[in-house]
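Peer 1: Before we start, here is the structure in question, set down as structure tokens.
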Amino acid sequence: MAVNGADSVAIDIEGLASSIENKASKDPFMSPNCCIFKTPTVLYRLNEKAYVPDAFSIGPFHHGQPNLIDTEKIKIKYLHGLISRSPSPETILSDLFNSIKEVQTEARECYSKPIDYSPDEFVKILVIDGCFIIELFRKLAYGKPIEDNDPIFTMSCMHEFLCHDLILLENQVPWMVLERLFNKTNYNPDHDMSLIQLARSFFEFIFSIIRLPPEDHIIKDKDIKHIPDLIIKWMVSSTEQSEQSQPMLSVRREIWKRPTMPSAASHVGIGAQFRRAKSKMFSYGGEEGWQHMPCATSLVEAGIKFRRVESKSILDIKFKDGVLEIPPLPIEEATETVFRNLISFEQCYPDCEARFTSYAVLIDNLINTAKDVDILCENKIIDNWLNPQDAVPFFNKLYHNTFCPKYYYQSLSREVNRYCQRRWPSWRAALVRNYFHTPWAIFSAMAAVILLILSLLQTVYSMKK
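Following full-length UniProt numbering, the numbering of the sequence shown begins with 1 at its first residue and continues without gaps.
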């Protein structure tokens, strides 16, 4: 019995080992094509509404949810309108399905979680949702064909829903799917805009926060993952590449390049290398570390001025001769949704440049109190549609629970901090603030100076006499 018991235990262990091997081979960590992610819980719990759709499900993650079913008929109506304009309406639908079937495996790999739909169901979701987006872009760009009873163009709430839902990271279809559907349905020779140009026309219209590059700026379709990725490419394309090193990323790459089972000595070496990079990166006070930017009030007291500049990107912030140049940032309904989802993509996509996370860190540094918000509003840098008291927590919580492997404003922060340590600018600012802040104060100071000069002259004259 003991032997049989031992045998049964051995068999169980072998079965368990085999099962683990099978599961490991079938479930890799992440596909190289993965680019559409479910929002991490640590970000999701900060503001759930910023990550989930209000009215339209796009892609498989939110498909079939009860609160989103009503808008499915709008998407079907758009698909029907697109098909009806085809030179061959009898075959176009099957052509669309067959075209997406060819890439359905690759499209499935774009999603971070398993898709619980059959291949045919998955293709159906991609075709309906993709055609809806393309038809929506065309309607807005060309102004037709728009039906009189189209709720998207007749109900004002639909505008808010679309502004929110189309930007969500987990509410996307892969760009390659949109590109295939666009090419298959581009029947009208008068419609000469590319898919990227159509998207530009749409987002330029509904998002004032998105500052787009010039028309001649080229972004290749094959480089685009989805709509949020396209928006990031638009907004980052006009900013200069940072010259700072990437200590954390380089260490991570070095660790991943090592053998799977390094020796104990190797572990010690990796740990030391990681600690050195980490301490260098997060040494706030050091010359080469990540330094905080003082808040707006402190900068004004140090003699630094703020200047609004019209730039191609809100990320393009510069410091020169005691002036901090910042492009205007409109704070409106969709602003938080845009920022949170772009930051979420940066946090999830491997080795993604944390441009928006860096921007959120910098703005959070500048804003500590409502007074800081007032300073930025007075200089027309922030166009705040919120209460100043609400704007402070909005910025302070924007990048909570995120990791910024490369801070793109590191050099800028060092320059500003060095300037703040100079005494003369702060003395000059204090003098202006205390004695020359109003015309009457200027007149009083001038009168005092004149009286002082007259008194000195009188004293000198008396001594000579």
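Positions of the beta carbon are idealized from the N, C-alpha and C atoms, including for glycine.
How would you write the range of the beta strand (DSSP E) that residue 466 sits in, first residue to last?
Peer 2: What the structure shows of the chain is the stretch from 1 to 465, and residue 466 is not part of that stretch, so it cannot be assessed.
Peer 1: Do Val-103 and Val-173 have their beta-carbon atoms positioned less than 8 Å apart in this structure?
Peer 2: no
Peer 1: Between which two residues does the beta strand (DSSP E) holding Lys-318 run?
Peer 2: Looking at the DSSP string, the run of the beta strand (DSSP E) that includes Lys-318 is 318-320.
Peer 1: Report the option in Val-42, Ile-304 and Cys-35 whose CA atom is closest to the CA atom of Asn-401.
Peer 2: Val-42
Peer 1: Might you give, ordered along the chain, the residues of its own chain that have their beta carbon closer than 8 Å to the beta carbon of Ile-375, omitting 5 neighbours on each side?
Peer 2: The residues are Ala-296, Thr-297, Val-300 and Phe-306.
Peer 1: Tell me whether Leu-315 counts as near the ligand GDP, meaning its Cβ is closer than 7 Å to at least one heavy atom of that ligand.
Peer 2: For the ligand GDP, the structure offers nothing, since it holds no ligand at all.
Peer 1: Can you check the region 144-191 for any alpha helix (DSSP H) of at least 4 residues that lies completely inside it and give the ranges in chain order?
Peer 2: 151-154, 156-165 and 175-184
Peer 1: Report the three-state DSSP secondary structure of Ile-69 (helix, strand or coil).
Peer 2: helix
Peer 1: Let me know the secondary structure DSSP gives Asp-116 once reduced to three states.
Peer 2: coil
Peer 1: Exposed or buried, which one is Thr-105 when buried takes at least 16 other CB atoms within 10 Å?
Peer 2: The residue in question, Thr-105, is exposed, as its Cβ has fewer than 16 Cβ neighbours within 10 Å.
Peer 1: Is the Cβ-Cβ distance between Val-416 and Ile-304 less than 8 Å?
Peer 2: yes
Peer 1: Compare the Cα-Cα distances from residue 466 to each of Lys-144, Cys-352 and Ile-450 and report the closest residue.
Peer 2: No statement about residue 466 is possible, as the shown extent of the chain runs from 1 to 465 and does not include it.
Peer 1: Here's the rule I'm using: 16 or more other beta-carbon atoms within 10 Å means buried, otherwise exposed. How should Pro-350 be labelled?
Peer 2: exposed
Peer 1: Near Asp-95, what residues of its chain come up, given a Cβ to Cβ distance below 7 Å and the 5 sequence neighbours on each side ignored?
Peer 2: Lys-184
Peer 1: So Thr-337 and His-164 are supposed to be a Cβ contact under 8 Å. How far apart are they, rounded?
Peer 2: 5 Å
Peer 1: Quick one: residues in its chain with C-beta nearer than 8 Å to the C-beta of Tyr-44, no 5 flanking neighbours on either side, listed in chain order?
Peer 2: Cβ within range, chain order: Tyr-51.
Peer 1: Which residue wins for smallest C-alpha separation from Thr-335, given the options Ala-107, Pro-119, Ser-112 and Phe-207?
Peer 2: Nearest Cα to Thr-335 within the set Ala-107, Pro-119, Ser-112 and Phe-207: Phe-207.
Peer 1: Lys-397 and Leu-46 - do their beta-carbons sit closer together than 8 Å?
Peer 2: yes
Peer 1: Can you list, in chain order, the residues of its chain whose CB lies under 6 Å from that of Ile-152, leaving out five sequence neighbours each side?
Peer 2: Met-158
Peer 1: Of all the options Ile-100, Lys-320, Ser-358 and Glu-353, which has the alpha carbon lying nearest to the alpha carbon of Gln-291?
Peer 2: Ser-358
Peer 1: What first and last residue would you give for the alpha helix (DSSP H) that runs through Val-361?
Peer 2: 355-366
Peer 1: How long is the line joining the alpha carbons of Ala-429 and Gly-322, rounded to whole angstroms?
Peer 2: Residue confidence for Ala-429 is low, a pLDDT of 47 falling below 50, so the modelled location carries little weight; the figure read from the coordinates is stated next. Each residue's alpha carbon lies about 11 Å from the other.
Peer 1: Could you tell me the distance, in whole angstroms, from the CA atom of Glu-160 to the CA atom of Leu-168?
Peer 2: 13 Å
Peer 1: I need the straight-line Cα distance from Arg-108 to Ile-219, nearest angstrom please.
Peer 2: 24 Å
Peer 1: Where Arg-405 and Ala-354 are concerned, what is the direct C-alpha to C-alpha distance, given to the nearest angstrom?
Peer 2: Reading off the sequence, residue 405 comes out as Pro, not Arg. C-alpha separation (whole angstroms): 7 Å.
Peer 1: Assuming Leu-166 contacts Phe-182 under a Cβ cut-off of 8 Å, what Cβ separation, rounded to an integer in Å, is found between them?
Peer 2: Actually they are not in contact, since the Cβ atoms of Leu-166 and Phe-182 sit about 16 Å apart, beyond 8 Å.
Peer 1: Taking only the alpha-carbon atoms, compute the straight-line gap between Asn-379 and Leu-456 and give it to the nearest angstrom.
Peer 2: 42 Å
Peer 1: Report the residue from Phe-356, Ala-199 and Leu-324 whose alpha carbon sits nearest the alpha carbon of Ile-343.
Peer 2: Phe-356
Peer 1: Rounded to whole angstroms, what is the Cα-Cα separation between His-80 and Leu-136?
Peer 2: C-alpha separation (whole angstroms): 13 Å.
Peer 1: How many Å lie between Tyr-407 and His-226 at the Cα?
Peer 2: 25 Å
Peer 1: Would the beta-carbon of Met-293 fall within 8 Å of that of Asn-341?
Peer 2: no
Peer 1: Would the beta-carbon of Asn-171 fall within 8 Å of that of Ile-74?
Peer 2: No, the Cβ-Cβ distance between Asn-171 and Ile-74 is not below 8 Å.
Peer 1: Which one of Lys-77, Cys-352 and Arg-308 has the shortest CA to CA distance from Phe-403?
Peer 2: Cys-352
Peer 1: Which residues bound the beta strand (DSSP E) around Ile-36?
Peer 2: It is not in any beta strand (DSSP E) - Ile-36 carries neither H nor E in the DSSP assignment.
Peer 1: Go ahead and label Lys-449 buried or exposed: buried means 16 or more other beta carbons lie within 10 angstroms of its beta carbon, across all protein chains shown.
Peer 2: Residue identity differs from the one stated: residue 449 is Val in this sequence, not Lys. The residue in question, Val-449, is exposed, as its Cβ has fewer than 16 Cβ neighbours within 10 Å.
Peer 1: Measure the Cβ-Cβ separation of Met-235 and Leu-362 and say whether it is below 8 Å.
Peer 2: Cβ atoms of Met-235 and Leu-362: not closer than 8 Å.
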